[in-house]
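S.K.:
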Amino acid sequence: MEAARKSAQARLQAMGLPQRRDEYWKYTRPDLLTTEDVAPAARLILDEAPLFDSVERLKIIFVDGVFDAQASDDLTLEGVEISQLADAPDWAQGLYGVLEENGQTPVARPLAALNSAEAEQGIVIRAHAKVSKPISLVYVRKSDASDVMLHHVVRVEEGADLTILENGPAAARLNSVMEVDIADKGAFHHVRAMGRDHERRAATHIFGRLGHESVFKSFTLTANGKLTRNEVVLEINGDNAVAHVAGAAMGDGDFLQDDTVFITHDSLNCESRQVFKKVLRNGATGVFQGKILVKAGAQKTDGYQMSQSLLLDDDSQFYGKPELEIYADDVMCSHGSTTGAIDEGAMFYLQSRGVSKVEAQDLLVLAFLDAAVDEIEDEAIAEDIRSRLEGWLARRRD
Amino acid sequence: MLNIKNLHVKLEEEDKQILKGVDLEIGAGEVHAIMGPNGSGKSTLSYVLSGRAGYEVTDGSATLLGQDLLDLEPEERAALGLFLAFQYPVEIPGVGNMTFLRTAVNSQRKMRGEDELSAGEFLKIIRAKAKTLKIDAEMLKRPVNVGFSGGEKKRNEILQMAMLEPKMCILDETDSGLDVDAMKLVAEGVNALRNEGRSFLVITHYQRLLDHIKPDVVHIMANGRMIKSGGPELALEVENNGYADLLAEVA
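Just so you know, the sequences run in chain order H and Z. The opening residue of the first sequence carries number 2 in this note's numbering; numbering runs sequentially from there. The opening residue of the second sequence carries number 1324 in this note's numbering; numbering runs sequentially from there.
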């Protein structure tokens, strides 16, 4: 592990921290993620049932970025081995930092290297079978100016099936990395909700490697937060694999949310799908940088990429940079990126049936986001996420 | 029921007068039809009455059951009992037809100070009404009007009308894009809703719809006003001779 950390440190030294002038940070200023001093972020107190409360799950609690054994459930569960990063078994030590390093080309991701070099907390999970319930990582926050780094390592063995949930305010500033290695026929499901404190900053990376006939599905809800940069970097190395990445974001005011996705197809007959939806108001900003790279020989690739934003007023903005780079000749790739306002025709139609203006707008906002939420396979979890969206809208009704 | 006096309307965006003094009085339980050449202002009249943005009333009044309509929001007009069956029903991806209808019904009930219908009660009522309009469960589950054929969209409009039980129904070219069988089905749906307390304003280009929905009064609209009113025979006259003679009469 020490060697992996040193090597990450060397990578970071070579590339340096992200700068404003970096092309990859054109729309999102990295300053707040890299400063020495960490500004506090006020904690948002809401009278609302905790997320995933109705879901049968194994809870692992981190308080200000430190594992809390007392508050967590017993970590024994059939079909899966769970340990702390500090006690990582050999297999995890061999994986730590490896997928992150792979993900540094062709684009540098310095914050992830920083994380590999310095993170001391995180969870290490290896699934051998279909795990009976989701592993739920809950990030509690007690300190006002916490600066937290988490590094999780996940291995889904052949034919295994694992779901990981993540939620909670986490920190004033969070830097998290999750490395996910999925063996042949393995399935990995991931649903997370970013912290909702208005002033919090977060930079997250998920690095995934997909084997033959494996499945990777990840959904992220971002409601609130001053700055959120969520990067997902996937390498599809096995034939017939499926990768879906989706996100719903809701921003009001001082909010910038950035989804940066890089999916590399290096195998036959694989499918990747990106669905990102953002609802923005009062000057909130959304960013999408998504790339599908189809390497020579990755025939029959089916790549789909959709990023859409709904701007509820003239002050909000969306920057989209969809990219396709294709070196195989027998592939199907499509992408679309749209920005628009609420459909006036639909508003009038709803109102003419007696639905009030506020209710009509909420209905259309939820409908807009639903294509992303629909990517969550588990209906109970999807419902939980939907209720969060509804709550967010309800709190903003006049 | 509906009382329109000297209604003058222009487009907000450009200085173009569309309605130039419309007078219309529809009593409770009556069915009135409006026919007229393209551009005469028929659809504008339906939009202005239901409260669509983009129009400015420059003179005149419109009341429903004695209440001024023109100052109300579209949803308040709906709660008061006004319903517009759209010529082009709007597709709303992501909103289930059933959710939409239940929200609409309960919003209106809430505005009128009535109890909301429970999911169970609502389901029972909508199933029965959908059946008579040959709308299957699948169509109720799909997003509002998305992927519906022309006929399905119009049937869906009538289903909404049946569920909302309005007092004043405006049908804006409900027959457009319908084949003969679909038109019959829609007309039957409308006729089933006819009663002493409910009035209809049927806007159409063709007399054949009026074979199925028999009007009490037929109005001819041209150039932003009603130029002639009469019985059902007036529609036949238009069908046979076109509008030229009528327009010449008032010129």
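Virtual Cβ for every residue (Gly too), placed ideally from N, Cα, C. Just so we're clear, the structure is a prediction, and the values are computed from it rather than from any experiment.
(1) What are the complete alpha helix (DSSP H) segments, minimum 4 residues, inside the segment 332–365 of chain H?
(2) What residue from H/Leu175, H/Asp38 and H/Ala161 has the CA that sits closest to H/Val216's CA?
(3) Looking at the C-beta of Z/Thr1600, does it have a partner C-beta in chain H at a distance below 8 Å?
(4) Considering only the beta carbon of each residue, do Z/Leu1569 and Z/Met1491 sit closer than 8 Å?
(5) What are the residues in the segment 275–286 of chain H lying within 7 Å of chain Z by C-beta distance?
(6) Reducing DSSP to helix, strand and coil, say where H/Pro323 ends up.
(7) What residues of chain H sit near Z/Gln1410, judged by a beta carbon separation below 8 Å?
(8) Give the range of the beta strand (DSSP E) segment to which H/Thr265 is assigned.
(9) Around the C-beta of H/Tyr140, are 16 or more other C-beta atoms found within 10 angstroms, so that it is buried, or is it exposed?
(10) Of the residues Z/Ser1499, Z/His1535, Z/His1528 and Z/Gly1520, which one's Cα is nearest the Cα of Z/Val1513?
(11) Since I believe Z/Thr1455 is in contact with Z/Ala1505 (beta carbons under 8 Å), could you give me their beta-carbon distance rounded to a whole number of angstroms?
(12) Looking at C-alpha atoms only, which residue of H/Lys227, H/Ser133 and H/Ala120 is the closest neighbour of H/Gly80?
(13) Got a sec: which bits of the segment 353–366 of chain H sit with their beta carbon under 9 Å from any beta carbon on chain Z, in order along the chain?
(14) In the DSSP output, what is H/Asp303 paired with across the bridge?
(15) Return no unless some Cβ of chain Z is closer than 8 Å to the Cβ of H/Ala368.
(16) Only counting the same chain, and skipping five residues up and downstream in sequence, which positions put a Cβ closer than 6 Å to that of H/Glu1?
(17) Any beta carbon from chain H within less than 8 Å of Z/Gly1417's own beta carbon?
(18) Could you work out which residue in H/Ala128, H/Arg210 and H/Arg12 is closest to H/Leu112 when comparing CA atoms only?
(19) How is H/Arg110 classed by DSSP in three states: helix, strand or coil?
(20) Near H/Glu101, what residues of its chain come up, given a Cβ to Cβ distance below 8 Å and the 5 sequence neighbours on each side ignored?
(21) Which of the three DSSP states, helix, strand or coil, is assigned to Z/Thr1426?
(22) At 7 Å on the CB atoms, spell out the chain Z contacts of H/Asp371, in chain order.
(23) Answer yes or no: does any C-beta atom of chain H fall closer than 8 Å to that of Z/Gln1431?
(24) Measuring only between beta-carbons, confirm whether Z/Met1434 sits less than 8 Å from chain H.
(25) Please state if the CB of Z/Lys1333 and the CB of Z/Ile1327 are separated by a distance shorter than 8 Å.
(26) Could you give the distance in angstroms between the alpha-carbon of H/Ala184 and the alpha-carbon of H/Leu294?
(27) Would you check if the distance between the CB atom of H/Ser55 and the CB atom of H/Ala361 is smaller than 8 Å?
(28) When you compare only the Cα positions, how much space is there between H/Gly363 and Z/Gly1553?
(29) What whole-angstrom Cβ distance do H/His199 and H/Leu45 have, given they're in contact under 8 Å?
(30) Going by C-alpha to C-alpha distance, which of H/His336, H/Phe68 and H/Gln352 sits closest to H/Met307?
(31) For Z/Gln1275, collect the residues of the same chain with a Cβ closer than 8 Å to its Cβ; drop the 5 residues on either side in sequence, then sort them by chain order.
(32) Near H/Glu376, what residues of its chain come up, given a Cβ to Cβ distance below 6 Å and the 5 sequence neighbours on each side ignored?
(33) Who pairs with Z/Leu1334 in a beta bridge, going by DSSP?
(34) With a cut-off of 8 Å, does the C-beta of Z/Ser1384 fall near any C-beta of chain H?
(35) Suppose only complete runs of 3+ residues qualify. What are the beta strand (DSSP E) ranges in the segment 13–65 of chain H, listed by chain order?
(36) Taking CB distances under 8 Å as the criterion, tell me whether H/Phe220 reaches chain Z.
M.R.: This is what the structure holds:
(1) Fully enclosed alpha helix (DSSP H) runs of 4 or longer: 345–353.
(2) Within the first sequence, the letter at position 215 stands for residue 216 of chain H. With distances taken between Cα atoms, H/Val216 lies closest to H/Ala161.
(3) The question about residue 1600 of chain Z has no answer here: the residues shown for chain Z are numbered 1324 through 1574.
(4) The residue you call residue 1569 of chain Z lines up with position 246 of the second sequence. The residue you call residue 1491 of chain Z lines up with position 168 of the second sequence. Their beta carbons are not under 8 Å apart, which means Z/Leu1569 does not touch Z/Met1491 by this criterion.
(5) Under the 7 Å Cβ criterion, the segment 275–286 of chain H contributes no residue.
(6) Residue numbering aside, residue 323 of chain H sits at position 322 when the first sequence is read from its first letter. Three-state result, H/Pro323: strand.
(7) Looking up residue 1410 of chain Z in the second sequence gives position 87. Simply none; closest approach about 12 Å.
(8) Stepping through the first sequence from its first residue, residue 265 of chain H is reached at position 264. Segment Leu257 to His266, the beta strand (DSSP E) holding H/Thr265.
(9) For this step, residue 140 of chain H is matched to residue 139 along the first sequence. Buried, by the Cβ-count rule.
(10) Your numbering for residue 1513 of chain Z matches position 190 in the second sequence. If we check each option's Cα against that of Z/Val1513, Z/His1535 comes out closest.
(11) For the purposes of this step, residue 1505 of chain Z is identified with residue 182 of the second sequence, where counting begins at 1. For the purposes of this step, residue 1455 of chain Z is identified with residue 132 of the second sequence, where counting begins at 1. With 8 Å as the limit, Z/Ala1505 and Z/Thr1455 do not qualify as a contact, their Cβ atoms being about 15 Å apart.
(12) Within the first sequence, numbered from 1, the residue matching residue 80 of chain H stands at position 79. The option with the nearest alpha carbon to H/Gly80 is H/Ser133.
(13) Interface annotation for the segment 353–366 of chain H against chain Z: Ser353, Arg354, Gly355, Val356, Ser357, Lys358, Glu360, Ala361, Leu364 and Leu365, criterion Cβ-Cβ distance under 9 Å.
(14) Along the first sequence, read from residue 1 onward, the residue named residue 303 of chain H stands at position 302. DSSP, once it has assigned bridges, lists H/Glu272 and H/Met333 as partnering H/Asp303.
(15) Here residue 368 of chain H refers to the residue found at position 367 when the first sequence is read from its first residue. Taking 8 Å as the threshold, the shortest C-beta distance from H/Ala368 to chain Z falls below it.
(16) This structure leaves residue 1 of chain H out entirely; chain H is present only between 2 and 399.
(17) Residue 1417 of chain Z sits at position 94 when you count from the first residue of the second sequence. So, interface residue.
(18) Here residue 112 of chain H is taken as the residue at index 111 of the first sequence, counted from 1. The residue with the shortest Cα to Cα distance from H/Leu112 is H/Arg12.
(19) Residue numbering aside, residue 110 of chain H sits at position 109 when the first sequence is read from its first letter. H/Arg110: coil per DSSP, three-state reduction.
(20) To locate residue 101 of chain H, count along the first sequence from 1; it is residue 100. The residues are Ala9, Arg110, Ala113, Ala114, Asn116, Ser117, Val178, Glu180, His206 and Phe208.
(21) On the second sequence, residue 1426 of chain Z is found 103 positions in, with the first residue counted as 1. Residue state, collapsed to three classes: helix.
(22) Stepping through the first sequence from its first residue, residue 371 of chain H is reached at position 370. Gly1417, listed in chain order.
(23) The residue you call residue 1431 of chain Z lines up with position 108 of the second sequence. Yes, Z/Gln1431 counts as interfacial toward chain H.
(24) For the purposes of this step, residue 1434 of chain Z is taken as residue 111 along the second sequence, with counting starting at 1. Chain H contact via Cβ: present.
(25) Here residue 1327 of chain Z corresponds to residue number 4 of the second sequence, with the count starting at 1. Here residue 1333 of chain Z corresponds to residue number 10 of the second sequence, with the count starting at 1. Contact flag unset, no.
(26) If you number the first sequence from 1, residue 184 of chain H lands on position 183. If you number the first sequence from 1, residue 294 of chain H lands on position 293. Taking C-alpha positions only, H/Ala184 is separated from H/Leu294 by approximately 21 Å.
(27) Taking the first sequence and counting its residues from 1, one reaches residue 55 of chain H at position 54. Taking the first sequence and counting its residues from 1, one reaches residue 361 of chain H at position 360. With a cutoff of 8 Å on beta-carbon distance, H/Ser55 and H/Ala361 are scored as not near each other.
(28) Taking the first residue of the first sequence as 1, we reach residue 363 of chain H at position 362. Taking the first residue of the second sequence as 1, we reach residue 1553 of chain Z at position 230. Reading off the sequence, residue 363 of chain H comes out as Asp, not Gly. Cα-Cα distance, rounded: 46 Å.
(29) As a first step, residue 199 of chain H is located in the first sequence; it is residue number 198 there, counting from the start. As a first step, residue 45 of chain H is located in the first sequence; it is residue number 44 there, counting from the start. About 6 Å; that satisfies the 8 Å criterion.
(30) Position 306 of the first sequence holds residue 307 of chain H. From the listed residues H/His336, H/Phe68 and H/Gln352, the smallest Cα separation to H/Met307 is found for H/His336.
(31) Any property of residue 1275 of chain Z remains undetermined from this structure, which presents chain Z solely from 1324 to 1574.
(32) Your numbering for residue 376 of chain H matches position 375 in the first sequence. Once the five neighbours on either side are set aside, the close Cβ partners of H/Glu376 are Phe220, His245, Ala247 and Val276.
(33) Here residue 1334 of chain Z is taken as the residue at index 11 of the second sequence, counted from 1. Answer by DSSP bridge pairing, in chain order: Z/Tyr1378.
(34) As a working note, residue 1384 of chain Z is residue 61 in the second sequence. Taking Cβ atoms only, chain H never reaches closer than 8 Å to Z/Ser1384, which makes this a no.
(35) Taking only runs of at least 3 residues, the beta strand (DSSP E) segments lying wholly in the segment 13–65 of chain H are 59–64.
(36) One-based indexing of the first sequence puts residue 220 of chain H at position 219. With 8 Å as the cut-off, H/Phe220 does not count as an interface residue toward chain Z.
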